[in-house]
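Worksheet: the structure to be examined is printed underneath.
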Amino acid sequence: MHTAANVLSVILAISFLGSGSMKVLGQVKIMEGLNKLGVSRNFGRVIGALESTAACGLLIGLIVGWLGAAAAVGLVLLMAGAIVFHVRAGDYADPRLRGPAMMPVFLLLFSVVTAILRILAIR
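Going by the UniProt record's numbering, the first residue of the sequence shown is number 1, and it counts up by one from there.
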């Protein structure tokens, strides 16, 4: 179980380091997408900073177990918020947008499993 927690943590960290850094740097296409969801440029950068910080927490959590668990729980909360923004924008009702809007759902589930495994690995 410890190995699974580590592997999932690294995969999530890579994903969120990429995603978070693009938001922090204000990558145009990412910011345009966030704007369509009703997320301001500054709030998008805050989200990116939180994603990047959580990714670093997952990596440090490979050594300091509780930090990895906390980072995974933080990502669960971030992805729950992302899903709310997609619901409000009507992305799940639009067949053209439904596919890309499923990414936060997938990442939420991935983060939940990682958080559970990280918590169990602490004991």
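Glycine is no exception: its CB is placed at the ideal position from the N, C-alpha and C atoms.
Return the residue from the list Asn-6, Ser-15, Leu-77 and Ile-63 that minimises the CA-CA distance to Val-112.
Looking up residue 112 in the sequence shown gives position 112. Of the candidates Asn-6, Ser-15, Leu-77 and Ile-63, Leu-77 places its Cα closest to the Cα of Val-112.
Is the beta carbon of Arg-118 sitting closer than 8 Å to the one on Gly-61?
Along the sequence shown, one-based indexing puts residue 118 at 118. Along the sequence shown, one-based indexing puts residue 61 at 61. Contact flag set, yes.
Secondary structure, alpha helix (DSSP H): runs of 4+ residues fully inside the segment 64-111
65-89 and 95-101
Endpoints, the alpha helix (DSSP H) within which Arg-41 is located
Sequence index remark: in the sequence shown, residue 41 carries index 41 (1-based). From DSSP, the alpha helix (DSSP H) with Arg-41 extends over 41-60.
For Ile-47, does the count of other Cβ atoms within 10 angstroms reach 16, so buried, or fall short, so exposed?
By one-based count along the sequence shown, residue 47 stands at place 47. Ile-47 is buried by the Cβ-count criterion.
Ordered along the chain, which non-local residues of its own chain (more than five positions away) have a Cβ less than 7 Å from that of Ala-71?
Counting from 1 along the sequence shown, the entry for residue 71 is found at position 71. Closer than 7 Å at Cβ, skipping near neighbours: Ala-54, Gly-57, Leu-58 and Gly-61.
What number of angstroms, rounded off, separates the C-alpha of Gly-68 from the C-alpha of Leu-17?
Taking the sequence shown and counting its residues from 1, the one referred to as residue 68 is at position 68. Taking the sequence shown and counting its residues from 1, the one referred to as residue 17 is at position 17. Rounded to the nearest angstrom, the two C-alpha atoms are 15 Å apart.
Leu-50 to Pro-100, Cα distance in whole Å?
As a position in the sequence shown, residue 50 is number 50, starting the count at 1. As a position in the sequence shown, residue 100 is number 100, starting the count at 1. Approximately 21 Å, taken between the alpha carbons.
Unbroken alpha helix (DSSP H) run spanning Leu-25, endpoints
The count along the sequence shown starts at 1 and reaches residue 25 at position 25. Taken as a continuous stretch (DSSP letters only), Leu-25 belongs to no alpha helix (DSSP H), as it is neither H nor E.
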